Amino acid sequence: MSGPATLADALAEVAGRSPHRPAVVAGDRTLTYAELLRRADRLAAGLTGRAATVARCADDVAVTVVAAAIADVPLLVGDARAADDERDRARSLFRADRLVTGDGDRLTVEGLAGFAGLDGFAAGDADRLAVAGHDGPPGDPGGDGPAGLGLSTSGSEGWPKCVERPWPAVTANARAFAAALELSPGEVVACTTPPHHSYALCGGLVTTLVAGGTYVALDQRPGPRTVADAVDGHRVAVLLSVPLLYRWFSTAGLATRHRPRLCVSAGAPLPPEDRRRWAEAVGWRIGEHYGTSEHGMLTLDTESVAGSVGRPVAGVTLTVDPAPGPGDVLVSCAGPPTRVHAAGPAPGPAGHGPQPTGDVGRLDGDGRLHLLGRRGGTLNVAGNKVPAAEVEDALRAFPAVRDCAVVGAPGPGGGQEVVAFVETVRELDHRALYAFLHGRLAAYKVPARVVVVDRLPRNVNGKLLRSELLRGLAAGTWR
1 MSGPATLADA LAEVAGRSPH RPAVVAGDRT LTYAELLRRA DRLAAGLTGR AATVARCADD
61 VAVTVVAAAI ADVPLLVGDA RAADDERDRA RSLFRADRLV TGDGDRLTVE GLAGFAGLDG
121 FAAGDADRLA VAGHDGPPGD PGGDGPAGLG LSTSGSEGWP KCVERPWPAV TANARAFAAA
181 LELSPGEVVA CTTPPHHSYA LCGGLVTTLV AGGTYVALDQ RPGPRTVADA VDGHRVAVLL
241 SVPLLYRWFS TAGLATRHRP RLCVSAGAPL PPEDRRRWAE AVGWRIGEHY GTSEHGMLTL
301 DTESVAGSVG RPVAGVTLTV DPAPGPGDVL VSCAGPPTRV HAAGPAPGPA GHGPQPTGDV
361 GRLDGDGRLH LLGRRGGTLN VAGNKVPAAE VEDALRAFPA VRDCAVVGAP GPGGGQEVVA
421 FVETVRELDH RALYAFLHGR LAAYKVPARV VVVDRLPRNV NGKLLRSELL RGLAAGTWR
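Everything in the sequence shown is counted per the UniProt record's numbering, starting at 1 for the first residue and increasing by one.
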């Protein structure tokens with residue numbers, strides 16, 4: 001992981017060596033390393049205080065990220081699709097008092113309240129950046145720690161929050177992930193997720209830039225033709241996507257002349273059936289990656305080990321309590337800790353030492369992490385603890401089940417009963433399924449109801465939306 005310690009220095013080194021190398025490709029726009037550094041330097045001269053952004057175009061996001069790193073101001077990257085109230089809430093958490101707009105060519109800085117603007121920046125009408133101010137110098141945001149890169153997310157308790165990872169930690173983690181990916185200067189990384197996601201922003205954009213590669217931003221939900229054209233047109237070495245899209249690509253097929261050396265799936269578990277279909281239909285090597293908004297990129301599987309998200313990247317220590325699991329997954333990361341800005345109970349630094357990720361998993365004998373579900377995914381059935389992940393594993397082992405989700409629904413006596421939602425590859429024989437489950441699970445763990453659905457509800461990253469399943473049960477949608 002040798003190389004310049006800061007993101008700005010890493011880019012300056014690449015720009016000095018290969019100024020015309022493409023840094024970011026977004027649609028029909030290409031930004032070279034020299035252009036990226038020039039625009040970022042110019043914007044950095046006008047940035048003070050703390051930063052937050054809502055942007056659509058990856059090249060403008062790249063300029064803004066690098067500018068904030070150069071200026072040593074915190075930058076919160078938000079969702080361009082969010083409602084105005086959601087944007088306002090995130091800006092409020094970051095005490096936003098600056099706005100940057102861009103049209104892909106020029107960026108402007110203006111005040112949200114009592115700020116006259118900066119000379120030399122032309123107005124644009126597209127993407128937005130809010131910069132939260134403070135009275136201290138750059139790099140000392142209100143005296144609460146070093147400046148960093150932030151993301152808006154939902155807390156495990158349901159409170160909106162923004163997490164802020166110090167710039168040195170972001171850069172070191174990106175360098176470690178680049179090493180795990182074995183990225184070489186000039187290699188191309190393509191990503192299908194939008195730039196406000198940690199996966200795209202840190203695992204894709206920042207990782208590619210510190211490695212001196214080219215980052216190709218694809219549409220938020222590109223079709224197979226878009227991906228195939230990008231793979232061939234840019235000779236993509238690494239494809240970053242999510243299970244939902246890999247499933248789509250497997251069904252539609254990806255006909256290309258060029259073959260990426262590695263595909264990475266993240267954001268949600270890659271079901272065994274989807275992995276099998278991908279191998280049969282496309283055949284490109286695929287592995288899984290695990291990370292969190294709070295801690296960045298944690299693991300990578302490059303060996304295509306089914307059920308594993310791989311080993312920790314450099315600078316990351318993972319433990320399971322109780323060891324070796326199943327138990328809570330805890331993470332320790334090198335460098336300064338993440339800060340959390342929340343609308344709920346008083347937030348604070350994530351701190352040093354092992355921190356809970358909210359996930360449940362186990363470590364195998366080779367140090368690989370196997371995720372089993374989220375903490376809190378344990379149902380209470382007549383006083384018996386039922387891990388949803390255990391029931392889901394048993395369901396997925398049944399040949400007719402492609403994917404599934406288990407939830408706890410109101411049951412007799414005010415407790416919970418196990419309800420399973422399943423996607424099937426053929427007509428489901430309920431009697432055979434129940435016989436199969438009773439051979440693998442204690443009776444109280446066997447679902448009281450099994451509901452067959454065409455598709456489980458998932459977000460754009462492929463994460464399961466259990467809340468929608470529960471709402472459907474409450475409304476009587478499924479009987």
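Glycine included, C-beta positions come from ideal geometry on N, C-alpha and C. Keep in mind that this is a model prediction, so the values were computed, not measured.
Classification of residue i by the beta-carbon crowding that lies within 10 angstroms, buried from 16 upward
{"i": "K161", "result": "buried"}
{"i": "S198", "result": "buried"}
{"i": "T357", "result": "buried"}
{"i": "N380", "result": "exposed"}
{"i": "H20", "result": "exposed"}
{"i": "D454", "result": "exposed"}
{"i": "L465", "result": "exposed"}
{"i": "A435", "result": "exposed"}
{"i": "A397", "result": "exposed"}
{"i": "K445", "result": "buried"}
{"i": "H295", "result": "buried"}
{"i": "D88", "result": "exposed"}
{"i": "residue 532", "result": "With the chain covering only 1 through 479, there is no way to say anything about residue 532."}
{"i": "D274", "result": "buried"}
{"i": "R247", "result": "buried"}
{"i": "T317", "result": "exposed"}
{"i": "R91", "result": "buried"}
{"i": "P194", "result": "buried"}
{"i": "P271", "result": "buried"}
{"i": "D301", "result": "buried"}
Element boundaries [beta strand (DSSP E), containing residue i]
{"i": "P22", "result": "P22 to A26"}
{"i": "E294", "result": "It is not in any beta strand (DSSP E) - E294 carries neither H nor E in the DSSP assignment."}
{"i": "A217", "result": "T214 to A217"}
{"i": "E423", "result": "Q416 to T424"}
{"i": "S265", "result": "L262 to S265"}
{"i": "P457", "result": "Element bounds for P457: n/a, residue is neither H nor E."}
{"i": "P322", "result": "Note, P322: premise wrong, no beta strand (DSSP E); not H, not E."}
Cut-off 7 Å between Cβ atoms - residues of its own chain near residue i, not counting five sequence neighbours on either side
{"i": "R426", "result": "A400"}
{"i": "A26", "result": "C57, A58, D59 and A217"}
Within 7 Å, strictly: CB atoms of residue i and residue j
{"i": "A228", "j": "V216", "result": "no"}
{"i": "V305", "j": "P326", "result": "no"}
{"i": "P222", "j": "T192", "result": "yes"}
{"i": "L372", "j": "P354", "result": "no"}
{"i": "G462", "j": "L244", "result": "yes"}
{"i": "V293", "j": "V163", "result": "Looking at the sequence itself, residue 293 is Ser, so the reference to Val does not match. Contact flag set, yes."}
{"i": "D403", "j": "E423", "result": "yes"}
{"i": "V236", "j": "A178", "result": "no"}
{"i": "V450", "j": "A405", "result": "no"}
{"i": "G150", "j": "L31", "result": "no"}
{"i": "residue 482", "j": "W278", "result": "Because the chain is modelled from 1 through 479, residue 482 falls outside the range shown and cannot be assessed."}
{"i": "A169", "j": "P336", "result": "yes"}
{"i": "V188", "j": "H234", "result": "yes"}
{"i": "A23", "j": "L36", "result": "yes"}
{"i": "S152", "j": "G78", "result": "yes"}
{"i": "E417", "j": "A448", "result": "yes"}
{"i": "A334", "j": "G365", "result": "no"}
Alpha helix (DSSP H) segment containing residue i, residue limits
{"i": "Y444", "result": "Per DSSP, Y444 belongs to no alpha helix (DSSP H) and is neither H nor E."}
{"i": "E187", "result": "Segment: none, E187 is in no alpha helix (DSSP H) and carries neither H nor E."}
{"i": "G16", "result": "L7 to R17"}
{"i": "A281", "result": "P272 to A281"}
{"i": "H196", "result": "Element bounds for H196: n/a, residue is neither H nor E."}
{"i": "R362", "result": "First-last for R362: Q355 to L363, but that is the beta strand (DSSP E), not the alpha helix (DSSP H)."}
{"i": "T251", "result": "P243 to A252"}
{"i": "D59", "result": "A58 to A71"}
Spatial neighbours of residue i in its chain, beta-carbon cut-off 6 Å, leaving aside the 5 residues before and after
{"i": "T477", "result": "none"}
{"i": "L183", "result": "A211 and G213"}
{"i": "E468", "result": "P457"}
{"i": "H370", "result": "G307, S308, G361 and R362"}
{"i": "L93", "result": "C162 and H341"}
{"i": "L240", "result": "C191, G204 and V264"}
{"i": "V206", "result": "A174"}
{"i": "A323", "result": "none"}
{"i": "R261", "result": "A237"}
{"i": "A180", "result": "L300 and V313"}
Other residues of its chain near residue i: CB distance less than 8 Å, five sequence neighbours each side excluded
{"i": "T226", "result": "L218 and D219"}
{"i": "L428", "result": "A400, V401, V422, V450 and V452"}
{"i": "A34", "result": "A15, P19 and H20"}
Are the segment 298–310 and the segment 281–289 in contact at 8 Å, needing three or more beta carbon pairs?
-> yes
Please determine if the segment 465–477 and the segment 430–447 are in contact, where contact requires at least 3 C-beta pairs separated by less than 8 Å.
-> A contact between stretches requires three or more CB pairs, one per stretch, nearer than 8 Å, and the segment 465–477 fails this requirement with the segment 430–447.
Spell out a yes or no on whether the segment 172–180 and the segment 198–209 are touching, meaning 3 or more CB-CB pairs, one atom from each, closer than 8 Å.
-> yes
Can we say the segment 33–51 touches the segment 60–74, given the rule of at least three CB pairs closer than 8 Å?
-> yes
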